[in-house]
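The block underneath contains the structure these notes are about, expressed in C-alpha cells.
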Amino acid sequence: MAKPSSADIEELFRSEGPKIWRALLAYAGDPDVANDAVAEAFAQALAHASRLHSPAAWLWRTAFVLARAELKRRSQVSNPGVGARGDDTGEANESWHDLVAALRQISPNQRAAVILHDYADRPSREIASILGISTATVRVHVSQGRRRLRNLLEGYR
Amino acid sequence: MSNVRKEFTSLDRLDMPVRWSEVLQRTPGRMPSPPPRDRGLVAIVAFGLAAASVLLVVQALGPRPRPPVSTRPEGQIAFVRRGDVYVMKPDGTDVHKLAEGPATYPTWSPDGRLLAFAAGEERTQIYVVASEGAAPRRLTNVATPGAYFPMWSQDGSRIGFYAPLQGRPSQLGVMKIDGGQISRIPLPFQSAAFATNPVLSPDFREIVFSMCRGRSCAPQIYVRATDGGPLSQLTEGAPATAPAWSPSGERIAFIRSNAIVVMNADGTDQNVVRRCAPEHCLSVNWTPDGTELSVTQTLANPDACTLPPTTEIFELCFHLESNVYLMEADGSKAVHVGSGLWASVQPLP
C-alpha cells in the first residue's frame, strides 16, 4: 500500500473522523475529550503520514489511546469519573444520552470493547491492541459489556 | 431485549464539531501523551507481571534490540504485523502468514530454512517454523513471563534467548534447536536489568549481549561463559548495543553513538569503523568469512518508534525504510547493496 499523503489524511478526516469522534464521545461521555483526541490524532497522523501503513487503523488506535490517557489524567487530577456532558452538543435529552449514561456504568474496558466492536466495527485484534489485552479477553468484554448494556438500557425504558 | 448495535445508531445523528482547519493549525503533542507505558511496563517487569509487556519495556527503555534488515537468499522478509508472523518478497508482494501470534522478533536461521520467534500471551516462548510453512514447534518452556529475543548461533544449531523471570534474577538461555538441553545463565542484577541480542560465540563457550541496569538505562556490552563464571563488561560510556561475533570469535562488532565499533572479544582495541550519520545505525553483522561487515542503516530515526502510541511500535518500525551496506571489516570500501525494511529479520550471509 502506498504511503498516505496529507490529502489522504484529510480524506480520512472526512470519512472516518465523525465516526471516531462519535465513538470517543460514547466512550468518554465528554465532547471536550472527544474533540481534543480527534484533533490530536489527525494532527499526529499528518506529522507522521509517511510512516503510517494502515492510517485508518492507526487513527482509531491513536484517538482511543489519547482519550484513555486524558481520562486517566483527569481522574488523577480531580477524579470526576466519566461525565455525560451532552449539553455541549446541543442535543440534550436525545436517546444517545441514555446510551452514554448506560455506557458509563460499565467498566472502561467493556465500554471500549463494545463501542469499538459493535459501533466502530474494528477487528478484535485491533481492539486488543488498543486496550492492551488479548483477543480472547476482548471477546469476553464484548459479551459481558453487551449483556450489561442491554440490561441497563431496558431499565431506562 | 434491545439490540446493542441498533442502540448505537443514535450516535449517528451527532455532528462532529472538529474542523479540518483546527487539525492543520494544531501542533502535535499539545494533548498529553498516552499513558507512560514505558515507565509503567518497567514497573510491571520489576514486579514480574505480564510477559508480553517485557518486550515493549526493553524496546522503550532497555538496550534497543536491533532487528536487522535482510532477506533470505530466495528473497523473503519476515516481519510481524498485528501480532502475527508474515513473510513476503522484498518488493512487498506475496505476503502470507507464517504463524499466529501474538509474536515478536522473528529471526531467520543462518541457512534460511527456519524462522524463530517469541510468541504467547500469558507466557511467551520461543518457537521455530519452517520457511515453507508448517505448524510452529515450541522450543522452550520457560517460567513466566517467558522467553524473548531468540538469536541464532552462527551454525544454526542453537538459540540464545532472554528470560526475565518473576521474583528471581533474569537469565539468558541457550538451547539446541533439535530439542532439549537448555543452559541457563543467570544475570546478576535482580531487578530492572534488561538484556537483548544474546548471541553465542562460534564455539558456544560464551554469550555476548547488551544489557542495561536501572531506570536510567545506558546499555553496555557484556559477555559471560555459557557454563557460568564471572560477567565481563566489555564497554562503558555511551550506550552500546547490537553485538555481533566475528566468525572466528576473535572480534565483536556493535553500535555505539550511531557508529559501528569493532573490538577484540575481550573488549580491548575498540575502533570506530563507520559512522552512520546522516542515517542511523540499525544493525551490524559479519559475513561468513569474517572479512566484511553488513551494516543496516535508516534515514528515519529509530527512536521514532517510541512515538505515541507505543502500540504502534512495530508497525512504525517496520515501515522505516533502510539501506544495507557492505564494507571491509575496517569500514573501508563501503558499498550500498540494497534497500529494505526494518523488519525483525535475521540477516543471512
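These protein sequence lines map, in sequence, to chains A and B. Residue 135 in our numbering is what sits at position 135 of the first sequence, and the numbering runs on without skipping anything. Adding 1000 to a residue's 1-based position in the second sequence gives its number in our numbering. Idealized CB from N, CA, C, for every residue including glycine.
Under the DSSP assignment, residue 1184/B falls in the beta strand (DSSP E) whose first and last residues are 1182-1186.
Rounded to whole angstroms, the gap between the alpha carbons of residue 1271/B and residue 40/A is 45 Å. With fewer than 16 other beta carbons inside 10 angstroms of its own, residue 1095/B counts as exposed. Contacts with chain A at 8 Å (Cβ-Cβ) do not include residue 1123/B. Residues of the region 3-15 of chain A with a C-beta atom less than 7 Å from some C-beta of chain B are 10 and 13, listed in chain order. Proximity of residue 109/A to chain B, defined by a Cβ-Cβ separation below 8 Å, is not satisfied.
For residue 138/A, the enclosing alpha helix (DSSP H) covers residues 135-155. Here DSSP, grouped into helix, strand and coil, assigns residue 1139/B to coil. For residue 1100/B, the closest Cβ of chain A is not nearer than 8 Å. Counting only unbroken stretches of 3 or more residues, the beta strand (DSSP E) elements lying wholly within the region 1081-1129 of chain B are 1084-1088, 1096-1099, 1103-1108 and 1114-1119, in sequence order. Contact between the region 97-113 of chain A and the region 135-155 of chain A is present: three or more C-beta pairs spanning the two stretches fall below 8 Å. Here the region 1014-1028 of chain B does not lie against the region 109-127 of chain A, with fewer than 3 beta-carbon pairs under 8 Å apart. Comparing alpha carbon positions, the residue from 33/A, 153/A and 138/A closest to residue 116/A is 138/A. Contact annotation, residue 1207/B with residue 1185/B: C-beta distance approximately 6 Å; criterion of less than 8 Å satisfied.
At the C-beta level, residue 34/A and residue 67/A come within 8 Å of one another. Chain order gives no chain B residues near residue 113/A, where near means a beta carbon separation below 9 Å; the closest approach is about 11 Å. Straight across, the Cα-Cα distance linking residue 1160/B with residue 1245/B is about 13 Å.
Any Cβ of chain B closer than 8 Å to the Cβ of residue 44/A would place that residue at the interface, and such an atom is present. Among the CB atoms of chain A, one or more fall inside 8 Å of the CB of residue 1008/B. Excluding five sequence positions before and after residue 21/A, the CB atoms of its chain that fall closer than 6 Å to its own CB belong to 34 and 38, given in chain order. Residue 1118/B places its beta carbon 8 Å or farther from that of residue 1142/B. By the beta-carbon neighbour count (other beta carbons within 10 angstroms, threshold 16), residue 1241/B is buried.
Residue range 17-28 is occupied by the alpha helix (DSSP H) that includes residue 17/A. Taking 8 Å as the cut-off, the beta carbon of residue 1226/B is found closer than this to the beta carbon of residue 1183/B. Residue 1280/B carries a strand assignment under DSSP once its states are collapsed to helix, strand and coil.
Chain-order list of chain B residues neighbouring residue 26/A: 1008 and 1011, by C-beta distance under 8 Å. One thing to note: residue 1100/B has its Cβ no nearer than 8 Å to the Cβ of residue 134/A. For residue 42/A, the enclosing alpha helix (DSSP H) stretches over residues 31-47. When beta bridges are read from the DSSP output, residue 1256/B appears opposite 1240/B and 1259/B. Annotation for residue 1187/B: 1169, 1170, 1171, 1172, 1193, 1195, 1211 and 1231 place their beta carbon closer than 8 Å to its own, counting only its chain and skipping 5 residues before and after.
Residue 1283/B and residue 1296/B do touch by the CB rule: their CB atoms are close to 5 Å apart, below 8 Å. In this structure, the straight-line span from the alpha carbon of residue 11/A to that of residue 1234/B is close to 53 Å. Rounded to whole angstroms, the separation of the alpha carbons of residue 1261/B and residue 1274/B is 7 Å. In the structure shown, residue 67/A falls within a helical segment according to DSSP collapsed to helix, strand and coil. Looking at the backbone, the Cα of residue 1238/B and that of residue 1330/B are separated by about 21 Å. Annotation: residue 30/A to residue 1179/B spans about 55 Å, alpha carbon to alpha carbon.
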